[in-house]
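Note sheet for the following structure.
Protein chains in written order, with my numbering: chain A, 43 to 413; chain B, 4 to 731.
Here it is as structure tokens:
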């Protein structure tokens, strides 16, 4: 077994929250606007609620197997083969999502910051950082998240407040966007963004007990929902929904509009750091999770060479899409809409199998007692 | 399984020293010897040693054999043989003269001059050649006639006494008489030994002569005896054996600062004391040791010889700290520390007594940690003084000082200080384990020790706290840290540490909390500026011009108009120039250094701008960066920042703000990965722990708790919450 260290709930919450919220910096808010109009902030709350329900199922499963992580539980309840398939589904999810996030980041960087640099150059530099911090291990990543969380939070909130000069409440109308039904359906379908709370179940061994896992899972979903919803709300307040659909990185655009006199304007700098560091951490966590699941499934003791391989894989997958549109509407959109099924289905199957096993165990005991 | 467990125990479990009392007296360090650099190749000296010892032993044995032959009553007289033996006796005399000269040199406290040294070397070589030639001849002579031995024996004895008499006449007026007496006694002893030998030989019959007649076998025996002496580990009852052991260990025939003073205790018992010249207090030795030991009236009540050492310790010596010891390893270590050791004939223990008295620097102002408010004392190079400075502040009976040896060859020491009942015992054991497991010849001071015991040597950041202020060291102790005082440097180290300690100064505690908080934050900002400002400048001018306000952008563009270099090269050049000025300023002696630094920077900057090589804005950037670097109270952190700054400059040149973000991500990630003696370096922020909230804020004195990450045995710093009980 690979050693992943121990850390507290604060570190874990920071880690998962940053991983989830990092998506808001890229194309997702404009894609949401495309589906639900000006009610994106409401839709994401419904997604969060759905994610809470799914996490509750995961928590039920963890309660049946105290002291075990999700990968172990898959194998113990569904058998080595099927369990491995469930775990590899998670592995693929993390790997592809990490790659998509990396490509999104690269494209947005090319559009706004480094227009002349080739994508492979941006990705190469990025993956060097990812590789080093992944090799440092999960404990280091958790501590890093805890250290960076206040800085990122202050940076994000400051930007949202400073952008207040451009907010107009009328831009929120129509309040329910393209309709309540669409908000609910899309909300439920696009809950994958909060699905990273499942990280709490995968790193269960590093957290101290079920109570901590529960706390981490729920808290990270709720905090992320507040932050994402807040960002989407501010974005909707700044841009009319018909314009917002066209913007590659709505938050970046929003920040560049800040203007408090001749000197205090264009606070892209602050935002750039927030955005870069949060994305670096999110991709690092995803790459590490993919490597960790892979090592657990195939009983590999040393994670470091696997991390290097995962970085190469991530680069390969990230470089495959031809352009930003393919990434945003293809990869990212599909992942957001269907990735949660890769979590929910195995969890439900495993939960059922565990319940059946439990009953089988109880029956002989009862029969013995009755005799 | 048992083997595995043993190996694990060996490497993972801290082993207490077998003899706990062995560190009792090792409380101060010694300073350098005054050998004036007269060092020869080690191998050559060892060979010479062996040869000399071998020859001496051979000579002695020959003499003994001759005497033994004489007592057996074989009286063959031959004039020719007598002449040859006369020659060999002369050689013996020469050897003895040489030996006596060596012993004189041994006692002379001033080292030899270079000319003398060279002459001595030449003579030694000549002698060696002659000896080797003559030894061959004498070997031949031995083989041809055993009877010559008888005559040699008689003549040898005569010459031996004559020579002693001559030597006494030529020698020092003071020591002449004593030596004469001593020689006589030696002769007596030789005689008694001869008698004993005769008895043995009588019992063994014919073989006595035959055994020693073979040159090869006698040489082997001599070498074996030398090896035996080298291998002796405990003090022998025979004084000669102890003397020889000390001479062997300290290479006394070359070593001019080892003093072996031979004398008679109460005019009855042969004895000698050993010490290193320059490391002892002469007054103590002359007035309270030698004088006392030579007064017979003080020994009137001494019963037996066995208790002599004990009697001397309890009744004779007027020295405050003494210890009986029978292990040569410890004795040698103590001599090296500046203590004096007494050996008495017939006693199987030596007496070590405190006589240290060497030059040391006085307590002065700290050089790197100056403060306006607070103590103005700094550590010096003396281990004992440094521990005393700490003890003077922490007057706590539970403050424990453990002195442990470090460095196999330089036999240095370091003190491990902690407060029993407060400091986490696991940390103390970890510190002891790491220091005890060091396997290195030379540890020069705290800087080297730090690198040997830190968790991650490849990380650029300091992993232990370093201070040259006793008050800061005391505060570390009281907060539950372990303090390590190394020998020979005016700095101490404290573990485990938090990164945030490096932006805190000892002055903070003496200031009102509001001022201290502001200062702490200014230091943090200074550090941040120092790391990132040049890279920000590069990123803005190279990649993100749109982010610069228009007015500022115009100013920058105008200032860079005539500069021929790209901004990256320009910045690297200026940073390098600044580093050069700084480094030169440190190396240039005295006040000129500071002046050179300021004038150099001014003139160089002015000239560079006038020549159009650099822009004035860059001069400002570099100057502010340099100032920011000096706000770090921790000197080692300043070094880390200087290197990281260059890394960020390169990253900014490669990818602008994106590169800087990547660099910062890696820097903070690396910081999160480091542990200082098991404690994460970024505690109490990452991981978040309770207690000691004052990372960037020095909270007012009140219900303070010791940091949770230190796991101290006592948490609260006050008994009942508020220290200001007078308010109630």
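Where a beta carbon is used, it is the ideal one built from N, C-alpha and C, also for glycine.
Small disclaimer: the values here were computed from a predicted structure and weren't measured.
Interface flag, residue i vs chain A, CB-CB below 8 Å
i: residue 688 (chain B); result: yes
i: residue 685 (chain B); result: yes
i: residue 457 (chain B); result: no
i: residue 596 (chain B); result: no
i: residue 460 (chain B); result: no
i: residue 233 (chain B); result: no
i: residue 441 (chain B); result: no
i: residue 552 (chain B); result: yes
i: residue 672 (chain B); result: yes
i: residue 667 (chain B); result: yes
i: residue 675 (chain B); result: yes
i: residue 484 (chain B); result: no
Endpoints, the beta strand (DSSP E) within which residue i is located
i: residue 418 (chain B); result: 415-422
i: residue 489 (chain B); result: 485-489
i: residue 382 (chain B); result: Neither: residue 382 (chain B) is in no beta strand (DSSP E) and is coded neither H nor E.
i: residue 409 (chain B); result: 402-409
i: residue 273 (chain B); result: 272-279
Beta-carbon contacts of residue i that lie in its chain and below 6 Å, excluding the five residues immediately before and after
i: residue 276 (chain B); result: 264, 343, 345
i: residue 202 (chain A); result: 276
i: residue 540 (chain B); result: 624
i: residue 171 (chain A); result: 322
i: residue 30 (chain B); result: Summary for residue 30 (chain B): the model assigns pLDDT 36, below 50, so the residue's position carries little reliability, and this model does not support an answer.
i: residue 83 (chain B); result: Model confidence at residue 83 (chain B) stands at a pLDDT of 45, short of 50, so the residue's coordinates are unreliable; what they give is reported in the following sentence. None.
i: residue 413 (chain B); result: 445
i: residue 230 (chain A); result: 92
Contacting residues, own chain, Cβ-Cβ under 7 Å from residue i (five flanking each side not counted)
i: residue 312 (chain B); result: 327, 347, 350, 352, 354
i: residue 238 (chain A); result: 58, 61, 62
i: residue 316 (chain A); result: 194, 197, 198
Limits of the alpha helix (DSSP H) - the one that residue i falls within
i: residue 113 (chain A); result: 112-154
i: residue 435 (chain B); result: 428-439
i: residue 265 (chain B); result: Where residue 265 (chain B) is concerned, there is no enclosing alpha helix (DSSP H), although the beta strand (DSSP E) it sits in stretches over 261-268.
i: residue 415 (chain A); result: An answer regarding residue 415 (chain A) cannot be provided, because it is not within the stretch 43 to 413 covered by chain A.
i: residue 590 (chain B); result: 570-590
i: residue 168 (chain A); result: 161-178
i: residue 224 (chain A); result: 222-231
i: residue 737 (chain B); result: This structure does not reach residue 737 (chain B), given that chain B is present from 4 up to 731, and the question cannot be answered.
i: residue 361 (chain A); result: 346-361
Residue-chain proximity (residue i, chain B), Cβ-Cβ < 8 Å
i: residue 148 (chain A); result: no
i: residue 353 (chain A); result: no
i: residue 59 (chain A); result: no
i: residue 260 (chain A); result: no
i: residue 185 (chain A); result: yes
i: residue 49 (chain A); result: yes
i: residue 174 (chain A); result: yes
i: residue 356 (chain A); result: no
i: residue 171 (chain A); result: yes
Close beta carbons around residue i, own chain, < 8 Å, minus the five adjacent residues each side
i: residue 442 (chain B); result: 411
Any non-hydrogen atom of the ligand MG within 7 Å of residue i CB
i: residue 276 (chain A); result: Because no ligand of any kind appears in the structure shown, any question about the ligand MG cannot be addressed here.
What are the residues in the stretch 631-664 of chain B lying within 9 Å of chain A by C-beta distance?
Along the stretch 631-664 of chain B, the positions whose C-beta sits under 9 Å from a C-beta of chain A are 654, 657, 658, 659, 660, 661, 662, 663, 664, read in chain order.
Are three or more beta carbon pairs between the stretch 50-66 of chain A and the stretch 179-190 of chain A nearer than 8 Å?
Under the three-pair Cβ rule at 8 Å, the stretch 50-66 of chain A counts as touching the stretch 179-190 of chain A.
The stretch 241-257 of chain A contacting the stretch 94-114 of chain A, beta-carbon criterion three pairs below 8 Å:
Counting Cβ pairs under 8 Å, three or more are found: they touch.
Chain B contacts made by the stretch 188-200 of chain A, where a contact means CB separation under 8 Å
Contact residues of the stretch 188-200 of chain A toward chain B are 188, 189, 190 (C-beta to C-beta distance below 8 Å).
For the structure I just gave you, are there three or more beta carbon pairs, one from the stretch 506-513 of chain B and one from the stretch 669-686 of chain B, closer than 8 Å?
Taking 8 Å as the limit for Cβ pairs, the verdict is that the stretch 669-686 of chain B does not touch the stretch 506-513 of chain B.
Short-range partners of chain B found in the stretch 304-338 of chain A, where Cβ spacing is below 7 Å:
Listed by position along the chain: 304, 305, 307, 308, 310, 311, 314, 315, 318, 319, 322.
For the structure I just gave you, are there three or more beta carbon pairs, one from the stretch 545-554 of chain B and one from the stretch 521-535 of chain B, closer than 8 Å?
They do not touch, by the three-pair rule.
Taking one C-beta from the stretch 281-290 of chain A and one from the stretch 64-76 of chain A each time, how about it: are there three or more such pairs within less than 8 Å?
They touch, by the three-pair rule.
What are the residues in the stretch 702-730 of chain B lying within 7 Å of chain A by C-beta distance?
Here the close residues number zero.
Quick check: the stretch 458-475 of chain B against the stretch 496-507 of chain B, are at least 3 beta-carbon pairs closer than 8 Å?
These segments touch.
Would you be able to state if there are at least three C-beta pairs under 8 Å between the stretch 342-350 of chain A and the stretch 161-171 of chain A?
In short, these stretches do not touch, since the Cβ pair count stays below three.
Inter-stretch contact (C-beta, 8 Å, three-pair minimum) for the stretch 152-166 of chain A and the stretch 379-398 of chain A:
Put simply, the stretch 152-166 of chain A does not touch the stretch 379-398 of chain A. Fewer than three CB pairs are less than 8 Å apart.
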